[in-house]
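What follows is the structure, encoded as structure tokens:
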């Protein structure tokens, strides 16, 4: 057993050391990639009622087989983490970005089998199957650098998120007081006005709800300009951090 563990660990370590980007993946990884792509395609096809009614049984069988394989992969990677750094290795994988993605991609299946779920909640859980697409980037060096870049500026991003939430709340409150009397149906409350504030600050502006008073229009114009800054600040922070991480990575090489 010790010899087998040593062989597996050496193969795993050599695979990690030699891989750059998506080069030289193992047969197991290549199979997992194909399985993930197959799952995404199956989910897309399953959204068509006519196809689902005709091939529903095969979709369910494919989902079951996929879950078994993904579950095996999850515990296999936990085992490799144990071989690498014992319990520290397990913790490092389980709480890593891809460890969480691996768990989320299989969790809805087991929750539905062992817990009685509300239909709407179950449909939301099924959306988590989409997280399997992130597994494709496990060996992507660029994605790992991007995750590192995000992690290095997370405090700044938390601040911009907090600032954005405050701005949205202020905008929703202001537009409510400016437009409620003129459009009680369009802006019946501050919470209802949150939709308008969010799409306006995101510079989307769907146009389903618009101000009609002079003050409301002026305020909407100001908010649209502020929204450009709200979007630009986190974009600039992430871009600068990503460039810095790439330069450091090139220096290490």
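Numbering (the working numbering), first residue to last: 26 to 278. Ideal placement from N, C-alpha and C gives every residue a C-beta, glycine not left out.
Is the distance from the Cβ of residue i to the Cβ of residue j below 8 Å?
| i | j | result |
| --- | --- | --- |
| residue 222 | residue 197 | yes |
| residue 178 | residue 263 | yes |
| residue 12 | residue 200 | Outside the shown range of the chain (26 to 278) lies residue 12, about which nothing can therefore be said. |
| residue 204 | residue 238 | yes |
| residue 122 | residue 57 | no |
| residue 259 | residue 192 | no |
| residue 64 | residue 91 | yes |
| residue 66 | residue 99 | no |
| residue 270 | residue 182 | no |
| residue 62 | residue 96 | no |
Under the three-state reduction of DSSP, which class applies to residue i: helix, strand or coil?
| i | result |
| --- | --- |
| residue 232 | coil |
| residue 185 | helix |
| residue 245 | helix |
| residue 47 | Any reading at residue 47 must be qualified, since the residue scores a pLDDT of 38, below 50, and its modelled position is unreliable; no value is offered. |
| residue 259 | helix |
| residue 207 | coil |
| residue 227 | coil |
| residue 178 | coil |
| residue 213 | coil |
| residue 192 | helix |
| residue 271 | helix |
| residue 134 | helix |
| residue 173 | helix |
Buried or exposed for residue i, please, with buried defined as at least 16 other CB atoms from any protein chain shown within 10 angstroms of its CB.
| i | result |
| --- | --- |
| residue 209 | exposed |
| residue 83 | exposed |
| residue 252 | buried |
| residue 244 | buried |
| residue 72 | exposed |
| residue 213 | exposed |
| residue 226 | buried |
| residue 55 | exposed |
| residue 12 | Missing from the structure shown is residue 12; the chain here goes from 26 to 278 and no further. |
| residue 120 | exposed |
Sorted by chain position, which residues of the same chain lie with C-beta nearer than 7 Å to residue i's C-beta, five sequence neighbours on each side aside?
| i | result |
| --- | --- |
| residue 118 | 102, 103, 106 and 124 |
| residue 94 | 60 |
By Cβ distance, which residues of its chain are closer than 6 Å to residue i, with the 5 residues on each side in sequence left out?
| i | result |
| --- | --- |
| residue 234 | 211 and 221 |
| residue 236 | 204, 242 and 245 |
| residue 219 | 197 |
| residue 174 | 266, 267 and 270 |
Quick check: is the beta carbon of residue i nearer than 8 Å to any beta carbon in chain D?
| i | result |
| --- | --- |
| residue 53 | Of the chains in the structure shown, none is chain D; there is only one protein chain. |
| message | In chain order, what are the residue ranges of uninterrupted beta strand (DSSP E) at least 3 long that sit wholly in the stretch 81-116? | response | none
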